[in-house]
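Trainee: Plus 1186 on top of the position in the sequence shown (first one is 1) and you've got my numbering.
Cβ coordinates follow ideal geometry from the N, Cα and C atoms, glycine included.
None of these values were measured; they are calculated from a predicted model.
Before I ask anything, let me first share the structure, which is written out below as structure tokens.
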Amino acid sequence: MMKRHLRNVATAALICAALPLAACTTPGAGTASSGSAGAASSGASSSGTGSPAATQTPGHAGSTPASADAASPGTPAAETAAQERLDTLSLEQRVGQVLMMGVPATGATASDLGILQKNHVGNVFLKGRSTVGLKGTAAAVKKIKATVSKKTTGGVGQFISTDQEGGKVQVLKGPGYSTIPAGLTQGSWDPKTLERRATGWGKELAQSGININLAPVADTVPASIGAANAPIGAFGREYGKTPGSAQAGSSAFAAGMESAGVAPVMKHYPGLGRVSRNTDVSHGVTDTVTTREDATLEPFQAGIDDGADFIMLSSAYYSRIDAKNPAAFSDTVINKMLRDDQGFDGIVISDDMCDATQFRDWKYATRAKKFFDAGGTMMLCVNQAAIGPITAGLVAEAKADPDFKARIDEAALRVLKVKDGL
């Protein structure tokens, strides 16, 4: 399971969750880059401090570990702890737990920090590109961690993420960070070699205070399409040209991140390797080939079988699955395929839904509602200015509609269970 190396801190989180809030300390988090679908925007953006993430939990650290498996995610103990924590949060704080906001990887401004605090945002993505190096990133993350309080997030720590795939999609560079090659190069290595090197890259992130990496790409780009696939193939982001090679590479990269204490994010479900245009910069992007039982789903299934906590959705339409809705708005994709067919019980995170041209026809708050109506768990928004309207819209909708509030509660509960698990 992906959490095999993190179970001791999970127990600490469970113990602390049962104590008064003042008795617990809150760990920090990292930040992330821009959306994950396109390497074309922001130079090549994709999808995204103190102690290493492997020793600090984003939930409620500060207590002594007990039995190793006591609060492993998916157990009754973890469910109970997360529910008890959810019960302490206001509606606004619950909404904040299901959002991930982008801030510059070079450091959040005073305005950024104010938005995080005002909107109770529980998760951050370091976006763009930075060459300040590991120490500079750690200092930037430390500032973000300081926004966690009883008033802002109810004391719940943050997921702090970035986009450290390699090649054109490497947000963090400079002293202390390795130069990571593109996915195709990584995929040419023996899986054990890739896993070992990914562990090293993950340790660099952990030392920066980052606990989530919006990678690896699990998409298959067929050789017949290659570089004509704008979001992935044009930048060599895939691990290979077949589902088997995509699976081997993405699984090895994910295992390396796990070993370093950083949670990987498998993307872009149900696959972004067969489109020609990029959803970050184009509208109406549609996959006309992929089916509900497609072989290209196998790399995602491997990640799920390994215990993945995060799956990132594609923003494309899939005409042979749900022609009326992009994947991020599709009950068929999220619930029927990802949850029911493939057995995923973790966090379904969107790609960027604020700056992506694919979503231009909907207002920010409408995008958010449609995502959570479809069963999404966490909405990634790289545009700080959109967080206020999104939060206001979600809170108002939850107050007006008990069924929608139940969907927000369910999503927040999933987030809290994984946070306890990390």
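Take Gly1457 and list the residues in its own chain whose beta-carbon comes closer than 6 angstroms to its own, dropping the five residues that flank it on each side.
Mentor: Asp1405, Thr1476, Thr1482
Trainee: When the Cα atoms are used, what is the spatial distance from Gln1283 to Thr1339?
Mentor: 8 angstroms
Trainee: Exposed or buried, what is His1306 when buried is set at 16 or more other beta-carbons lying within 10 Å of its beta-carbon?
Mentor: buried
Trainee: Indicate the three-state DSSP secondary structure (helix, strand or coil) for Gln1350 in the structure shown.
Mentor: strand
Trainee: Can you tell me which of Thr1552, Asp1547, Phe1515 puts its alpha carbon nearest to the alpha carbon of Gly1562?
Mentor: Phe1515
Trainee: Give the C-beta separation of Ala1291 and Gln1350 to the nearest angstrom, bearing in mind that I take them to be a contact with Cβ-Cβ under 8 angstroms.
Mentor: Contact doesn't hold; Cβ gap of about 10 angstroms is too wide.
Trainee: To the nearest angstrom, report how far apart Gly1308 and Asp1473 are at their CA atoms.
Mentor: Straight-line Cα distance between these residues: approximately 33 angstroms.
Trainee: Taking all protein chains shown into account, do 16 or more other C-beta atoms lie within 10 angstroms of the C-beta of Arg1460, making it buried, or fewer, making it exposed?
Mentor: buried
Trainee: At 3 residues or longer, what runs of the beta strand (DSSP E) sit wholly inside the region 1563-1589?
Mentor: 1564-1567
Trainee: Can you have a look at Gly1446 and say buried or exposed, based on whether 16 or more other CB atoms are within 10 angstroms of its CB?
Mentor: First, the amino acid is wrong: residue 1446 is Ala here, not Gly. Buried.
Trainee: Assign Arg1463 to buried or exposed, taking buried as 16 or more other Cβ atoms, counted over all protein chains shown, within 10 Å of its Cβ.
Mentor: buried
Trainee: Ignore the nearest five residues each way along the sequence and tell me which others in Gly1360's own chain have a CB closer than 6 angstroms to its CB.
Mentor: Excluding sequence neighbours, Gly1360 sits near Thr1317, Val1318, Gly1319.
Trainee: Would you mind stating whether Pro1377 and Ala1432 have Cβ atoms separated by less than 9 angstroms?
Mentor: Result no, Cβ atoms of Pro1377 and Ala1432 do not sit closer than 9 angstroms.
Trainee: Can you name the start and end residues of the beta strand (DSSP E) that Phe1439 belongs to?
Mentor: Note, Phe1439: premise wrong, no beta strand (DSSP E); alpha helix (DSSP H) at 1429-1445.
Trainee: For His1454 versus Asp1547, is the C-beta distance shorter than 9 angstroms?
Mentor: no
Trainee: Verify whether the separation of the beta carbon atoms of Ile1398 and Ala1438 is less than 9 angstroms.
Mentor: no
Trainee: Who are the near neighbours of Ala1592 in its chain, counting only those whose CB is closer than 7 angstroms to its CB and skipping five residues on each side?
Mentor: none
Trainee: Check each candidate in Met1452, Lys1556, Asp1541, Gly1300 and name the one with the smallest Cα separation from Ala1572.
Mentor: Out of Met1452, Lys1556, Asp1541, Gly1300, Asp1541 has the C-alpha closest to the C-alpha of Ala1572.
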